[in-house]
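Structure record follows, encoded as C-alpha cells.
In the numbering used here, the protein residues as written are 84 to 784.
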C-alpha cells in the first residue's frame, strides 16, 4: 500500500460549485412548486439569475405540464428518483427532446428540494423515430408480402384442386364441367360458360350461373364478338357498356344477364384453339395480375388435359385399328389354312378385305402366265362394263393393269364424267380406286383392286391392304402347291393300288381263272378226285383274295387316332379285316392307363405290318394280340398259328420285317421275330417308357 506523502485536504465549496457549473448536463434545483432555485446555465453562456425564481413550466410544452407536475410530486412524496421525457421549442424553432432524471434533496429525513439532471436526447429521439419508421415500413411490407403469399397460396391451392379434379376427367365434356365449376368459384364470378370451336363455328358446350341458356351456336360472320377474342390467343377483360352491340347475339345475351365485366380466355390444345371460356360479373371488375395469372393457369391445365384426352383417344383408336388389322390378317390366314379350291380362297379373301376397309366393290385379277395379261378371277359387285370404261386419263391401260405393270400400289381419285354414264348406262359410284399388287415370292401374280369412297384411307390402312394382298398371294401359291401335291399323292396312291391289285388280288384272280379252267377240263374227263383238289384250291385262293381285298378296303379308310386311340384302332382293325376273313382274333390289354400316347401311331404301324404279313402269307386261322403296359415298359406280342417260315432261309428284310425294325428303332424299342415252318410266327415289341426327347420327336414326326 502506497502511503501519501501529504495528508488529504477536503476541497472547499467553490471547488464543487465549479464542477456543477461545468457539467455537460443541465442541472436545476426546484422546490415543491417547480420554482427554479438553481441553474448551471453559466456553462451554456446564460445568466443563471435569469432562471432562478421562474417556474420550470414556462420552458416546457403545455402537453407535458401535467406529467412533469405529477413526477415532481411523486419524488417529494416518496423520496425516490424518477424520470420523464418531454419536448420543447425553447429558444429553437425545432422541437427538441429531453430526458430528465429527478433526484430528491433530503434534509433531516425530509425532501426539501429536487435536483433535475436534463439531457438533450433529440438526436437519439430522431434516430429512434427513424428506426420506428423503418420497423413500421418493414411491418407494412411484411403484411403486404403475407397477403401476397396468401393470395399466391390460394391460387396454388385452387390450381392444385383443379388439377386433381382434371386427372379424373374421362371426356372433354367432363373437362368443361370441372373447369367451369372451379373458375366460377375461384374467380368469384357470377356466370361462366364454354364454347367449343368446330368447323369454323363456336358451339355451346357447358354453362353455369345462367338464368337461361346462352346461344347454342355462334358464327364468325353473324356473331363475331367472341371470335375477335380468340385471335390474340390471350386473356381479355372486357367492360360491358350499358347498350349491347347491335347484331351480336352473345352480346345481347350477356347484357340480358346484367353482366358488367366479361373475362374471356381461349382454350388451347397444343397450339390449336379448341374453344373459349368466358366468365361474367354483375359488378365492375378491374383487371388484376393475380386474377389473370389464376385464369391463365386454369385454362392451361384444362388445355393440357384436353390434349391428353385427345392423344389418349388417338392412341386408343390406333390400338383398336391395329387390333382390327390383326384380326383381319388372322381371318385371311385362317382362310388360307382351310383346304379350299383356288376360287373359294380368292372370294373369301376378297370379302374379308372389303369388310376390313368398309368397301363394297372389289376384284382380284390374276396374271395369265401364257399370255402375260390379267384376267378377272373373282369380284364383288363388280360391273362388267367397268373394264372397258375405267381408264387412266391419257392412258390405254386399265388401272389394275398399271398397278401390275408398275409393280407398285396405285391410288387414284376419279370423278366420272357424263360421257362415262352415257357409255355405260349405269350410275355406279366408283369415285376412288386402290390397286395393290399381289406377290408370290418375288413375282407379281395379280392385283387386288378396291373401288368406292376410299379418300379416307390412311397410310396404315393402305399398308394393311398391301399385307393382305401378300397373304393372298402366299395362300394362293400354297393352295396351288397343295392341289399339286394332292394330285401327286392321288396319282401315287393309284399307282400303289394298281401294284397291290396286280401283286395280290390280280394274281389271285388269275390263279382262280387257271384253276377253274383246270377244273373244267377235269370235269370233262371225270377225274373227280383231282377235281375235288382243284375246287379246294379255288376256295383257298378266293378266300385269300377276299382277305387281301378287305385289307385294301380297310387301308383306304384311315383310322382317326384322336377319337379311338391305339386300343380302339387295334380293335377296329381286327374286327374289320381278320374277323371278316374268318380268322379268330384275341386282343388282350393289360395296364391300359399307362399307354403312352406319343408312340401310339408307331406301335400301331408295327402291329398292322405284322397283321398284314400274317393275313397275306401265314394262312392262319387264329391270331393273338397281347398288349401289356407298366409304368416303365410296354410289351406287344403278336402270334398266329399259320405256316410260319424258316428264319435261316427267309430274307430278313422281306415281308415287311425291315419296316417293322426301322419303326421300333425310331422309338428306342426292340423287335424280336420268332418263326418256324409249320409252327406259326411270333413278333414281340419291347419299348422302355423312358425314351429320349429325340426319339419322342422322331416318333411324333
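Cβ coordinates follow ideal geometry from the N, Cα and C atoms, glycine included.
By the Cβ-count criterion, residue 546 is exposed, with fewer than 16 other Cβ atoms from all chains shown falling within 10 Å of its own Cβ.
Per DSSP, the beta bridge partners of residue 196 are 188. In the three-state DSSP reduction, residue 277 falls in the strand class (E or B). Residue environment analysis places residue 662 among the exposed positions, since fewer than 16 neighbouring C-beta atoms fall within 10 angstroms of its C-beta.
The region 392-399 and the region 365-383 do not touch, with fewer than 3 CB-CB distances between them shorter than 8 angstroms. Excluding the 5 residues flanking it on each side, residue 114 has same chain C-beta neighbours closer than 7 angstroms at 120 and 196, in chain order. Excluding residues up to 5 positions away in sequence, 709 and 767 lie with their Cβ nearer than 6 angstroms to the Cβ of residue 720 in the same chain.
DSSP lists 462 and 532 as the beta-bridge partner residues of residue 446. For residue 255, the CB contacts under 7 angstroms within the same chain, skipping 5 residues up- and downstream, are 389 and 392 in chain order. For a cut-off of 8 angstroms, the C-beta gap from residue 771 to residue 684 is around 18 angstroms, too long to register as a contact.
Only exposed fits residue 217, as fewer than 16 other CB atoms lie within 10 angstroms of its CB. Each of 414, 516, 405 and 407 was checked against the Cα of residue 444, and the nearest Cα belongs to 516. Counting only the Cα atoms, residue 519 lies some 60 angstroms from residue 294.
Beta-bridge pairing by DSSP links residue 669 to 707.
One alpha carbon belongs to residue 560, the other to residue 447, and they sit about 15 angstroms apart.
Counting along the chain, residue 686 sits inside the alpha helix (DSSP H) bounded by residues 683-696. Counting the other Cβ atoms within 10 Å of the Cβ of residue 723 gives 16 or more, which makes it buried. Annotation: the continuous alpha helix (DSSP H) that includes residue 148 extends over 148-161.
By the neighbour-count criterion, in which a residue is buried when 16 or more other Cβ atoms sit within 10 angstroms of its Cβ, residue 322 is exposed.
Taking 3 residues as the shortest admissible run, the region 301-363 contains the following complete beta strand (DSSP E) segments, listed from N- to C-terminal end: 319-322 and 344-352. Residue burial annotation: residue 572 is exposed, with fewer than 16 other C-beta atoms found within 10 angstroms of its C-beta. Restricting attention to 273, 303, 270 and 263, the CA atom closest to the CA of residue 280 is found in 303.
Rounded to whole angstroms, the Cβ separation of residue 706 and residue 668 is 6 angstroms, and the two are in contact under 8 angstroms. In the displayed model, residue 271 falls within coil according to three-state DSSP, outside both helix and strand. For residue 425, the uninterrupted alpha helix (DSSP H) segment begins and ends at 425-439. In the DSSP annotation of this structure, residue 519 is not part of any alpha helix (DSSP H); the continuous beta strand (DSSP E) holding it starts and ends at 515-523. When rounded, the separation of the alpha-carbon atoms in residue 562 and residue 485 is 27 angstroms.
In this structure, residue 377 and residue 228 do not form a Cβ contact; the two beta carbons are roughly 19 angstroms apart against a cut-off of 8 angstroms. Nearest Cα to residue 271 within the set 531, 204, 286 and 291: 291.
The shortest C-alpha to C-alpha distance from residue 209 to any of 760, 703, 181 and 312 is the one to 181.
Under DSSP, the beta-bridge partners assigned to residue 494 are 517. Within the DSSP secondary-structure output, residue 753 pairs in a beta bridge with 769.
By the neighbour-count criterion, in which a residue is buried when 16 or more other Cβ atoms sit within 10 angstroms of its Cβ, residue 431 is buried.
Assigned with DSSP and collapsed to three states, residue 167 falls in strand.
With a contact defined as Cβ atoms closer than 8 angstroms, residue 487 and residue 548 miss out at about 15 angstroms. Taking the Cα of residue 411 as reference, the smallest distance to any Cα among 369, 555 and 370 is reached at 555.
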